[in-house]
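Heads up: the structure comes next, in C-alpha cells.
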Amino acid sequence: MGFLDTLLGRTKPVQPKLDDLFGLPSAAITLQAATGFTPTGSGSVCFRSVEGKTFSDIQNEVRDLLNMEAEKPGGGLPVEVTRDNYGFTWLVSSRMSDEIETLVTDLHAVNSTLVDNGFGPQLLCTLVAFRDERERRLALVYLYKRGTFYPFAPLSGENRDNALELHIKGALGDDLKVEQDLTRWFPVWGAPGL
Amino acid sequence: MARTRYAPDRGLTVRMTATMFFLGLVFVAFIAALIGIMTAVNASSGAIVLVALVFGGGMAIASLFYSDKIALAAAGAREVSPKEAPELHGIVDRLCALADMDKPRVAIAPTSMPNAFATGRNSKNSVLCVTQGLIDGHLNLTNEELEGILAHELSHVAHKDVQVMTVASLLAITAGLLVRFAFYSELFGGGRRSNDNNAVPVMLIIMAVSIVVYAISFLLIRLLSRYRELAADRSGALLTGQPSALASALQKVSLGMNRIPTQDLRSAEPLNAFYFAPAMKLARGGRDGKGGPSLANLFSTHPSLEKRLEQLEKIQRQLGQATPDAPDSLR
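Heads up: the protein sequence lines correspond to chains B and P, in order.
In case it helps, my numbering puts the first sequence at residues 1 to 194.
In case it helps, my numbering puts the second sequence at residues 1001 to 1331.
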C-alpha cells in the first residue's frame, strides 16, 4: 500500500494470489514420501460472504458448478456449504484421496468465480486435509492474500501440535511457499472437511 | 486484471487532502509570522519560540512512541492471550488474514461502557483494545457486529491514524505551549526587562498569534479526525463485506453509551479521539429543527451517527451492484 493511500485513509481490499495453489499436488507427493501424510481428498475454500443478493447468487452459482462436476461419472460427493461461528462460509469439496489435482481444480473454480465477479478480496484461505497412518489430522492452509501455505495440526480441544507443524514446514522445504512469519499461522478450529 | 467493487471515495479523499493542506498552510504561516515578528524587533525572545517548538516536538514524539502503553494504562486495560479470549482473537485473526496485515496485540479494558480503540506507533507495535461492556453481552452484539467494530479499529491501524493525528496536532501543541510561555514570561519576566521597550509588545503579539493559530488548528484537527473516522468506517465495511452489520453496531453502541453513568464518561475523556464512538458528547444539536451543522458537530472528534450510517448505506449499494466497476487502469 502506497504512502499516499495510507495518508488519505483509503486502504483498498487486497486482491488474492491464486497461482501458488497449483503447487499443491507435487507438494503432496513430497509430503507423503517424507512424513507419511496422505491427502484425504477433501478440501475447502473459506471466504467472507458479502451481504446482499448479488453475492449469494454468485455463491449459489459456484455451488451448482461444482455439483455439476460431481454428478459426472467418476465425480466426487456433492459440495457441502457451511457457515462457521465467525460468519465465514466454507465450500467443501470431497474427492478420492488420489485425486488431489481434481480437488485443486475444484478449489480454483471457486476462486476464479469470486475474482471474476469482483469479490476476490473476500477470499480468506483454502484448506486441504491430510492424514497419516496414526490418524493424526493435518491441514495445509493456503493464505490467499500472501500466496503462502502453513501447516495446521489440531489436537483434541483447542490445542495444536506445534512440533508436527514445524516438522511439516521443514519437510515441505522448497516445494511450496511456506509462510515464514509464524504469527500468521492462525488456527482454524473446527474447519469443515478437516 | 480483476474488476473491482471497491472504488475509493473521491469526495472524501479531496476533503481530507484539503484539510491537511490547510493545516500545513497554517503551520507555515505560523512559523513565518513568528520569524517576521522576531526580525522586525530584533528581539531576544526567539529562544522561547525555539524551546516551544523543540518541547512540543519532543512531547509529540514521546506520546507517539508510548501511545500503546499510555492508552492501555489510561484505560486500565490488560492484554489477553488467545487462550483467554479465543472468540476475540479468532475474529482478529481472520480480519488480519483478509486484510493481509500484522496482527495487533489484543487487550480488554474492564469498563462497562461499550467501546473499542486501537493505537500504537506502527503496525508491529499496535494494540487493539475492547471494553468489557462491548463483549459481555449487555448490548446483544452479534458476532458480525463485533467483527464490524474490530474491522473499523483495524482500519485505523492500517491508515496509521495515530501517526497522522500526532503530526497534525504538533501545530496545536506548539501554539498552545507558546501561549503559556508567553503568558508566564509576561507575568514573571516583565519587571526585569523594564529597560527593553520592545519586550512587552512582542510577547503579547506572539501570544495573540498563537491563540489564533491554536483555535484554527484545533478546528482543522477535529475536522481531520471526523474524516478519518469516516475513512475507517468505509475500509472496515469493505473488509468484512457487511456494511449493515457495522451500521447496526454503531447504533447499538451509541445507544448503549447514553445509558452509562457519568463517572465513566469523565474518566474516558482523554482517550476520546481513539474510540470507536465518542465517549464524551457535547450537547448534541445538529438536527434539532434549526438545521445546519451545530457548534457541537464542529468540535466533535467523530462524525454524527446520521453521516456514518448514510455512508454505510452507500457502500451497501456499491457492493450490491450487479456488475463491478472496471479496474482503475481502464478508466
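Ideal Cβ placement from N, Cα and C applies to all residues, glycine included.
query	result
C-alpha gap between P:LYS1307 and B:THR113, whole angstroms	34 Å
Test item: CB-CB of P:LEU1171 and P:PHE1027 under 9 Å	yes
Uninterrupted alpha helix (DSSP H) stretches inside the segment 1131–1161 of chain P (no shorter than 4 residues)	1132–1135, 1143–1158
Three-pair Cβ contact test at 8 Å for the segment 94–112 of chain B versus the segment 38–47 of chain B	yes
Closer than 7 Å at the beta carbon, the chain B residues around P:ARG1094	TYR86, PHE88, LEU124
Inter-residue Cα distance where the pair is P:GLU1313 and P:PRO1243	7 Å
C-beta neighbour in chain P for B:PRO192, strict 9 Å	no
Residue-level contact to chain P via CB, B:GLU49, 9 Å cutoff	According to the sequence provided, residue 49 of chain B is Ser. The question's Glu does not apply to it. With 9 Å as the cut-off, B:SER49 counts as an interface residue toward chain P.
Sequence-distant residues of the same chain with beta carbon closer than 6 Å to P:GLN1318, five excluded per side	none
Classification of P:GLY1191 by the beta-carbon crowding that lies within 10 angstroms, buried from 16 upward	Any reading at P:GLY1191 is ruled out, since the residue's pLDDT is 46, under 50, leaving its predicted position unreliable.
Proximal residues to P:LEU1305 (C-beta, below 6 Å), its chain only, five neighbours per side dropped	SER1254
9 Å Cβ cut-off: residues of chain B touching P:GLY1320	VAL50, GLU51, GLY52, LYS53, THR54, PHE55
At least three beta-carbon pairs within less than 8 Å, the segment 143–152 of chain B to the segment 124–133 of chain B	yes
Proximal residues of chain B, C-beta to C-beta of P:ASP1068 below 8 Å	Simply none; closest approach about 17 Å.
C-alpha distance - B:LYS53 paired with P:CYS1096, whole-angstrom precision	26 Å
Simplified DSSP assignment, three categories, for B:LEU8	coil
Classification of P:MET1016 by the beta-carbon crowding that lies within 10 angstroms, buried from 16 upward	buried
Simplified DSSP state of B:SER56, which is helix, strand or coil	helix
Contact set for P:PHE1181: own chain, Cβ-Cβ below 6 Å, skip 5 residues either direction	ILE1048, ALA1052
Selected residue, minimal CA-CA separation from P:ARG1105, among P:ALA1085, P:PRO1114, P:LEU1098, P:MET1113	P:ALA1085
8 Å CB neighbourhood of P:GLY1076 in its chain, flanking five on each side removed	ALA1109, PRO1110, THR1111
Residue from P:MET1203, P:CYS1129, P:SER1063, P:SER1081 whose Cα sits closest to the Cα of P:ASN1115	P:CYS1129
Opposing strand residues paired with B:CYS46 [DSSP bridges]	B:TRP90, B:CYS125
Whole-angstrom distance between P:MET1165 and P:LYS1290, CA atom to CA atom	With a pLDDT of only 38 at P:LYS1290, under 50, the local geometry of the prediction cannot be trusted, and the value read off the model is given with reservation. Roughly 32 Å separates the two Cα atoms.
Chain P contacts from the segment 133–149 of chain B (Cβ-Cβ distance under 8 Å)	LEU143, LYS145, ARG146
Test item: CB-CB of P:GLU1145 and P:ALA1249 under 9 Å	yes
Near-chain B residues of the segment 1147–1166 of chain P - C-beta to any C-beta below 7 Å	GLU1147, SER1155, ALA1158, HIS1159, LYS1160, VAL1164
For B:SER97 and B:THR40, believed in contact at Cβ under 8 Å, the rounded distance	6 Å
Residue interval of the beta strand (DSSP E) (run including P:ALA1118)	1116–1119
Cβ-Cβ distance between P:SER1356 and P:LEU1023 below 9 Å	Outside the displayed range of chain P (1001 to 1331) lies residue 1356 of chain P, so it cannot be described from this structure.
DSSP-derived helix/strand/coil call for P:PRO1333	Given a span of 1001 to 1331 for chain P in the structure shown, any question on residue 1333 of chain P remains unanswerable.
Sufficient close CB pairs (3 or more, under 8 Å) joining the segment 1134–1154 of chain P to the segment 83–92 of chain B	yes
Contact list for P:SER1235 against chain B, beta-carbon separation under 9 Å	GLY9, ARG10, THR11, LYS12, PRO13
Any beta strand (DSSP E) of 3 or more consecutive residues that is wholly inside the segment 1227–1258 of chain P	none
For P:ILE1221 and P:SER1169, believed in contact at Cβ under 8 Å, the rounded distance	6 Å
Proximity test, Cβ basis, 9 Å: B:GLU80 and chain P	no
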